Amino acid sequence: MAATRVLLCSLLVLTVFVAEHREQSPTNPVCSGRLFRSTRCFRKKFLTRRIAFYPNTTATFNPSFDLLICCGDVHPMPGPSAFFRPHTSKLSAMLLNSRSLRNKLTDFQASIYSYNVDILAITETWLTPAILDHEVLPRGYNVYRREREEERRGGSVLIAIRDNISSQRRRDIETNCELVVVEVNPTKANKFLLYGFYRPPSTISEYLLELKQSLSHEELNTPLFLCGDFNFPDINWNYQAAPGLDNLPNMFCDIVSDTFLTQMNHSTTRITDNAENILDLVFTNQPERVCEMETFECQFTTDHLGVAFFIKTKVKRERVVRYAYDFKKANFDALRQALSVTSLDMGFDESDVDQCWESWRDLFLNAVESYIPKIKLKDAKSPRWIDGEIVKLSRKKKRLWKRAKQSNSAVHWDNYRSIRKQIKTATKRKYRAFLKELQVDLKDNPKKFWNFYRSKTKSARIPKVVHLGSAKASTPSAKANLFNHFFASVFLKPDLHTVETTTTFTAQDNELYSIQATIQEVLKALKNIDPSKACGPDQIPGRILRECSSEIAPSLTPAPGLLDNLPNMFCDIVSDTFLTQMNHSTTRITDNAENILDLVFTNQPERVCEMETFECQFTTDHLGVAFFIKTKVKRERVVRYAYDFKKANFDALRQALSVTSLDMGFDESDVDQCWESWRDLFLNAVESYIPKIKLKDAKSPRWIDGEIVKLSRKKKRLWKRAKQSNSAVHWDNYRSIRKQIKTATKRKYRAFLKELQVDLKDNPKKFWNFYRSKTKSARIPKVVHLGSAKASTPSAKANLFNHFFASVFLKPDLHTVETTTTFTAQDNELYSIQATIQEVLKALKNIDPSKACGPDQIPGRILRECSSEIAPSLTRLINISLRVGCVPQDWKRANVVPVYKKGDNEDVCSYRAISLLSLISKITERIVLDRFSNFIADKIYPMQHGFVKGRSTITQLLDTVHRMVRTIDHGEQTDVAFLDFSKAFDSVSHAHLISKLDQSGIKGPLLHWFISYLGNRLQRVVIDGKSSNWLPVTSGVPQGSLLGPALFVLFINDMPSALSHSSTLALFADDAKCFRTIRSYADCALLQDEIDKLVDWSNNWKLAFNVDKCSLCTVTRKRSPIICNYRMGEKALSRVRAQRDLGVLMSDTASFNDHIQAQMRD
């Protein structure tokens, strides 16, 4: 009772003050003195001034709403709202042929929003997926669109339904034509189907059959409305028939009759110099429901008239009613005065916190509502720049259009054209003014700008229908509940009932027992509130709290309360987990205190020793903590050796090799023995004059050298000395050497960067290694996995990678090769190759010394330095190999290095293999390649541009683009199938490759040499100096070799012979594209036949296509191209608008704009 009396007294005091203040309130003479605003006053001020949206409707709007929202004087998030659902008896509808909306959106929006249309059907929008729904109609509509595939110019259909009318798209009814079907539900028990359709003039009967198929899905007794541009100017809709022999119009009339539809529009919709045609039609199976149909001239530029009509139906519109404080009419001075004489905390019962809050809130809100009126909000139905002036002019234009059409008077037509021009000018002016306002207010009110930006770049915040699993929701309340269930699903079960707390409140040392807030703290927090932020469920806006901060801060300041004792809680955790804190030295020193903040805990304190603090080299207000952990350590060290070229005596080595016959121990019947003899003699000589050095992995960057390390250790000693003695001299010495280290580090880093710059031309590898270290993660992570298998040691990782790389190989099939045993050379055959000393010498001198060596560990620099001395013996070794048709086994071994591509860097599948081969084997390949390339040059397919002398990616692109552009110039189209092989270079069958070598004229010993070259190859993966087991390479051309690309080119050289029609196959190694000029569907069938034959070729030769990466692009600039769906085997080829081809993004219009934009983004 006492609390109640106190509360009543408070209300009485506040009422007396308001009555006294009433006479002094100039800003609100009618209502400012009232504690509780009357309903009559509220309605008189805000609800009586209403304007109808358009004639013959009960829908109205408040003209002051938009202005209030724009100024930011209405609270931005008024919270939950009530719903009322008025009923109407008809829906307004429009049918338009826009002839492209891309550059007419402003005029289009002014026209639509002026008449507040319920249903809108538009044909020939020419929109692309890059233009968002909210750019077309920013507010008030649910938009359903269908564009032509791959943004092809022309066509496209759009249906827009008011967002307060329930609707959903029916994709199950749509067919393969320019058609959008929407199910509209004006009430729960009432629905109808709305079709939007466009028929291009050049379409054939199949297009109409697609429409008929869609109409045949109509549910029994469901009202249907079909709107669109059908392009049938010759049909007389009074008789529903067309003259002449053209079958399409009469076929369409039959479809209309078969589906029991009636055409409702009999007014001309397109007027030209030669004719007046009815092209835009409205069909329905319930003609009695369509009324007041008329045509009108559109505000935006188009050569069609619009069609307006009403659909009779019961409509239940869901409207949101929300209220917000009208800050524009707020009397904050009076509110602050009232709060300053009101004790908002007089009714507090300190034993009940909820009662205290409710008492404070009720008193505060009563005062607020007396001086800040509320305004009824409605969702904005149109963009900001389409205001009352535009709406008024648009309605006037409609009246002038009717008058001019009836009288056909020149004066009336001039008046109509004048106001139409006036509307366009006003709309553009207001739009520019709106953008200027955004620019001016960007700093003070950035929220306005970002709201507009999001409306141009993102879709609606919450779609019309949302789902969670199988549950769907469409009404605001249902959607709110669905979201809430999802957000709450992540919470744990309540467990606070299991917490045990003490009931006595006795403060202990080193405990945080309670917190006492001060008025200054609360006042500062109130003044820092952002007024643009939305309020919570209590509906108290931030702006009011900030405006009245000084008056409410004392009552809002809380009484003493209890909080958790965090320090003691942490100590309890330490005790409960049996941990010991080891650091007892200060780690942060300030002017007022020295604190131990950086701690070290362990459950085995005897294993921590020599703990000390130290000052860090970099700037920080904490000291570092250094200590040792006693444990046995087994460090995995990789021991690697390399030749120390700084101490090499190349002159002596060359002298020794010049007097040594490296080929004196050759047994010419055994190539492996010859190679091993040559290698051993050569390496013995090398090791006599070039010492080896033990390599260690670099533990620090290049610029952190011995001088920096030495200075850092000296700094540590000076720190200890200064800390012990606290002598000013010692501290000066410490600071001096610390500064010296910083200066030296910066100087050495700049010198390193300068060195990179100077050596960039001669040693680019150094620069790119540094660049990768700054831009990419470690080459191989600590742990990698392949499926469920994981590996962490270098040898285990190497084996895992090797198994993955070998998994793509085919089964060995070289044993199936049949070769002739007689060596008899024929014309047009390459029987054998004889290497010359000059060829070997040239190949040796061209070796890049920076390239890594293969498994034989013979560096390229030594081979190049001693080229003249070893060329004769090496020539003999190579000739023996070529003559007997056998390759040394060491030359067929490869070290493989994994290189990261993209994706998860811990997944082995995200890497590709780089093979490192013996450099001497590459010299042999160079000699064979020169002769082999010359021999097969005239046999290579003319449109193969990969690895062919005189051809490149540029020559292929020039050729193919020229062919496609020439087709476009003739007004035709080219369908291009981009083909991608799956692991092409690794999947070449050795047996098939040898047979193709035989067919191309490679015979005798050389053919046997190729058989030996491909067979019994081995590979291993090397990571951090550790290697995997050797695994056989059973298919593919050798990766990293010189002959591999040429052999692959020969392998697919007969691929074009699989084609039987006039299609073209362009090749660049394994990149292939098959294209054909399409003039009719018969050409599409021929191209499909070519693709089927290429698939058969790939199956026969075991070189499979990766169908998921294959695609098809139609290159043309025709408005109505011939669209055909192609397949590869059982899968459909995906159709793309642009395809990256040999590094260039090729578009479907043969334009390079997409490529240029992509390069600019990159």
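Going by mature numbering (1 follows the signal peptide of the UniProt record, and there is no 0), the letters in the sequence shown line up with residues -19 to -1, 1 to 1143, in that order. The beta-carbon is built from N, C-alpha and C at its ideal position, and this holds for glycine as well. All values reported here derive from a predicted model rather than from experimental measurement.
Counting every other CB atom within 10 Å of its CB across the protein chains shown gives residue 88 a total of 16 or more, marking it as buried.
In the three-state DSSP reduction, residue 945 falls in the helix class (H, G or I). Closest in alpha carbon position to residue 842, among 832, 427, 1045 and 921, is 832.
Around the beta carbon of residue 117, 16 or more other beta carbons lie within 10 angstroms, which makes this residue buried. Among the bridge pairs identified by DSSP, residue 895 is matched with 878. Contact between the stretch 622 to 642 and the stretch 593 to 602 is absent: fewer than 3 CB-CB pairs across the two stretches fall below 8 Å.
The three-state secondary structure of residue 293, taken from DSSP, is strand. Ranked by Cα distance from residue 942, the options 470, 452 and 1047 are led by 1047.
In chain order, 158 and 180 place their CB closer than 7 Å to the CB of residue 188, counting only its own chain and leaving out the 5 sequence neighbours on each side.
Looking at the backbone, the Cα of residue 71 and that of residue 295 are separated by about 6 Å. The stretch 769 to 788 and the stretch 971 to 990 do not touch, with fewer than three beta-carbon pairs separated by less than 8 Å. Listed in chain order, the non-local C-beta contacts of residue 711 below 8 Å within the same chain comprise 699, 702 and 703, local neighbours out to five positions each way being set aside. Secondary structure at residue 535: helix, using DSSP grouped into helix, strand and coil.
In the structure shown, the three-state DSSP call for residue 833 is coil. Nearest in C-alpha terms to residue 872, of all of 1125, 241 and 995, is 995.
Between the alpha carbons of residue 222 and residue 230 lies a gap of roughly 8 Å.
With respect to the C-alpha of residue 328, the residue from 321, 338, 319 and 322 having the closest C-alpha is 338.
With respect to the 7 Å criterion, residue 349 and residue 525 are classified as neighbours on the basis of their beta carbons. For residue 644 against residue 857, the beta-carbon gap comes to about 5 Å, under 8 Å, which counts as contact. Under the criterion of beta carbons closer than 8 Å, residue 925 and residue 1081 do not qualify as touching, at roughly 19 Å. In the structure shown, the three-state DSSP call for residue 841 is helix.
Excluding sequence positions up to five before and after residue 721, its CB lies within less than 7 Å of the CB of 692, all in the same chain and listed in chain order. Contact between the stretch 888 to 906 and the stretch 838 to 854 is present, with at least three C-beta pairs closer than 8 Å. Across the structure, residue 421 and residue 308 are spaced so that their CA atoms are roughly 22 Å apart. Annotated three-state conformation of residue 1027 is helix, per DSSP. Residue 793 is positioned such that its CB atom lies closer than 7 Å to that of residue 1015. The beta carbons of residue 1007 and residue 775 sit closer together than 7 Å. Between residue 553 and residue 564 a beta carbon distance of about 20 Å is seen, past the 8 Å cut, so the two are scored as non-contacting.
Two segments are said to touch when three or more pairs of C-beta atoms, one from each, lie closer than 8 Å; by this definition the stretch 956 to 972 touches the stretch 1085 to 1103. Positions of the beta strand (DSSP E) runs, each at least 3 residues long and wholly inside the stretch 740 to 782, are given as 765 to 767 and 770 to 772 in order along the chain.
Rounded to whole angstroms, residue 469 and residue 462 show a C-alpha spacing of 10 Å.
By a beta-carbon distance limit of 8 Å, residue 503 contacts residue 537. Their separation comes to about 5 Å. In the structure shown, the three-state DSSP call for residue 150 is strand. DSSP places residue 1069 in the helix class (H, G or I) of the three-state scheme. The beta-carbon separation of residue 125 and residue 163, rounded to 5 Å, stays under the 8 Å limit for a contact. When secondary structure is reduced to three states using DSSP, residue 179 falls in the strand class.
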